[in-house]
Amino acid sequence: MHGPGDVDFFDRVARLYDRLAPETDPEPLWSGLARADRPVERVLDLAGGTGRAARAVSRPGAEGWRPPTAIVVDASRAMLDRAGRRGSAAVCGDAGRLPLRGNEAGESHETNGSVVDAVVVLDALHHLPDPDAALAEAARVLRPGGVLVIREFDPETIRGRALVAAERAVGFDSTFRGPAATADAVAAAGLAPSVLDRGFAFTVVGKKRGSH
Amino acid sequence: MKESLMEILCDPLDKSELELEVEERDGEEIIEGRLIGTVTGEEYPIEDGIPNLLPPDMRDD
Chain A
12 MHGPGDVDFF
22 DRVARLYDRL
32 APETDPEPLW
42 SGLARADRPV
52 ERVLDLAGGT
62 GRAARAVSRP
72 GAEGWRPPTA
82 IVVDASRAML
92 DRAGRRGSAA
102 VCGDAGRLPL
112 RGNEAGESHE
122 TNGSVVDAVV
132 VLDALHHLPD
142 PDAALAEAAR
152 VLRPGGVLVI
162 REFDPETIRG
172 RALVAAERAV
182 GFDSTFRGPA
192 ATADAVAAAG
202 LAPSVLDRGF
212 AFTVVGKKRG
222 SH
Chain B
6 MKESLMEILC
16 DPLDKSELEL
26 EVEERDGEEI
36 IEGRLIGTVT
46 GEEYPIEDGI
56 PNLLPPDMRD
66 D
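Protein chains in written order, with my numbering: chain A, 12 to 223; chain B, 6 to 66.
This is the structure we're talking about:
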């Protein structure tokens, strides 16, 4: 259930990763964060690797955008070293068993309140050994009115099919889900889902109910 | 890690509080030390500024 997934691979390629991976387009992430019903001051970059999403949302760009602080959680220490060197708070952890406070059943908000206004999962959900546990954890640490923003690849598109084949060829355990299945999984985690955009890369947002 | 990060961290096993033991710091920044689960007693190292809060079954050491 909580195996290493693709962590060993990322430990080996960390030094090359940012040179080979395409530059992150911040627009879909910003559009997702704009769905929040609360000020977005702290963002969790979940399974964030070298912190590409953290840097994308922290970049000054959109009009009137006050960049949030970002915290990167990843199971690969080598990827995190690179995130830490670039100024993100970096924590080694399992996406399915997050070391972050949240809303625990039966505990008061004063002693154990949820701690982030947004969770971003960029091109990473398909690498996790237990994606549904990660979504449940994202829902737990989100404050009411906060949003989970998932950016993923659609395995049903032509480029998506090629990507699925390529990742299998290099030995990944990847499990890709399309926008509808991802939205269903977000709903199962207790968040209100919506599909923001579709295509080879798609964006699904899940909002935590309640207001701040 | 910045000491202020303690406000949001918890034990991954049962989400209980952690206790910080500092071995080396640079101002607000904790360079070396460890985090100890106040309920589980589990020890999580802070190495070169990064806390390792992977559950024990996912750690190499």
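Where a beta carbon is used, it is the ideal one built from N, C-alpha and C, also for glycine.
The structure presented is a predicted model; accordingly, all values stated were derived computationally and were not measured.
- Item | Short Cβ contact (8 Å threshold) for cysteine 15/B with proline 155/A | No, the pair does not count as a contact, with Cβ atoms beyond the cut-off.
- Helix, strand or coil: which one does DSSP assign to aspartate 17/A? Coil.
- Per-residue contacts from isoleucine 13/B into chain A (C-beta, under 7 Å): Near isoleucine 13/B (Cβ distances below 7 Å), the residues of chain A are Leu111, Arg112, Val126.
- Assign serine 205/A to one of three DSSP states: helix, strand, or coil. Residue state for serine 205/A is assigned as strand, using DSSP reduced to three classes.
- Neighbour-count burial assignment, glutamate 148/A, 16 or more Cβ in a 10 Å radius: Buried: at least 16 other Cβ atoms inside 10 Å.
- methionine 6/B and glycine 42/B: beta carbons closer than 8 Å? Against a cut-off of 8 Å, the Cβ pair of glycine 42/B and methionine 6/B comes out as no contact.
- Query: Which residue's Cα is closest to the Cα of glutamate 163/A: Arg179/A, Ser185/A, Ala144/A, Ala150/A?
  - Reply: With distances taken between Cα atoms, glutamate 163/A lies closest to Ser185/A.
- Other residues of its chain near glycine 210/A: CB distance less than 6 Å, five sequence neighbours each side excluded: None.
- Is it buried or exposed for arginine 46/A, if we count other Cβ within 10 angstroms and need 16 for buried? It counts as buried.
- Item | Close-in-space but distant-in-sequence residues of the same chain around proline 50/B (CB under 6 Å, 5 per side omitted) | The residues are Arg39, Asn57.
- Ignoring anything shorter than 3 residues or poking outside the region 33 to 81 of chain A, list the beta strand (DSSP E) runs there in chain order. Runs found: 53 to 57.
- Coil, strand or helix - aspartate 232/A by DSSP: Because chain A here runs from 12 to 223, residue 232/A falls outside it and cannot be looked at.
- Collapsed DSSP secondary structure at leucine 174/A in the structure displayed: Three-state result, leucine 174/A: helix.
- Residue range of the unbroken beta strand (DSSP E) whose run includes alanine 212/A: 212 to 218 is the extent of the beta strand (DSSP E) around alanine 212/A.
- Where methionine 12/A falls: helix, strand or coil (DSSP): In this predicted model, methionine 12/A has a pLDDT of only 38, less than 50, meaning its place in the structure is not dependable; the value taken from the coordinates is given anyway. The answer is coil: DSSP assigns methionine 12/A none of H, G, I, E or B.
- Message: Using a Cβ-Cβ distance cut-off of 8 Å, determine whether alanine 101/A contacts chain B.
- Response: It does; some Cβ of chain B falls within 8 Å.
- Task: Count the other C-beta atoms from every protein chain shown that fall within 10 angstroms of the C-beta of serine 9/B, then say buried if there are 16 or more, exposed otherwise.
- Result: Its Cβ having fewer than 16 others within 10 Å, serine 9/B is exposed.
- Among residues of its own chain, excluding the 5 on either side of glutamate 178/A, which ones have a beta-carbon nearer than 7 Å to its beta-carbon? Contacts found: Ser185.
- Message: Using beta carbons (cut-off 8 Å, strictly below), is leucine 174/A in contact with chain B?
- Response: The beta-carbon of leucine 174/A is placed no less than 8 Å from the nearest beta-carbon of chain B.
- Task: Report the three-state DSSP secondary structure of aspartate 128/A (helix, strand or coil).
- Result: For aspartate 128/A, the three-state secondary structure derived from DSSP is strand.
- Message: Let's test the definition: count the other Cβ atoms within 10 Å of the Cβ of proline 204/A and tell me whether it reaches 16, buried, or not, exposed.
- Response: Around the beta-carbon of proline 204/A, 16 or more other beta-carbon atoms lie within 10 Å, marking it buried.
- Query: Who pairs with isoleucine 169/A in a beta bridge, going by DSSP?
  - Reply: Partner(s): none; isoleucine 169/A has no beta bridge.
- Query: From Gly62/A, Thr193/A, Pro78/A, pick the residue whose C-alpha is nearest to that of serine 69/A; which is it?
  - Reply: That would be Pro78/A, whose Cα lies nearest to the Cα of serine 69/A.
- Task: Look at the alpha carbon of glutamate 188/A and the alpha carbon of alanine 198/A, and state the distance between them as a whole number of angstroms.
- Result: Glutamate is not the amino acid found at residue 188/A; the sequence shown has arginine there. Those two C-alpha atoms are separated by around 14 Å.
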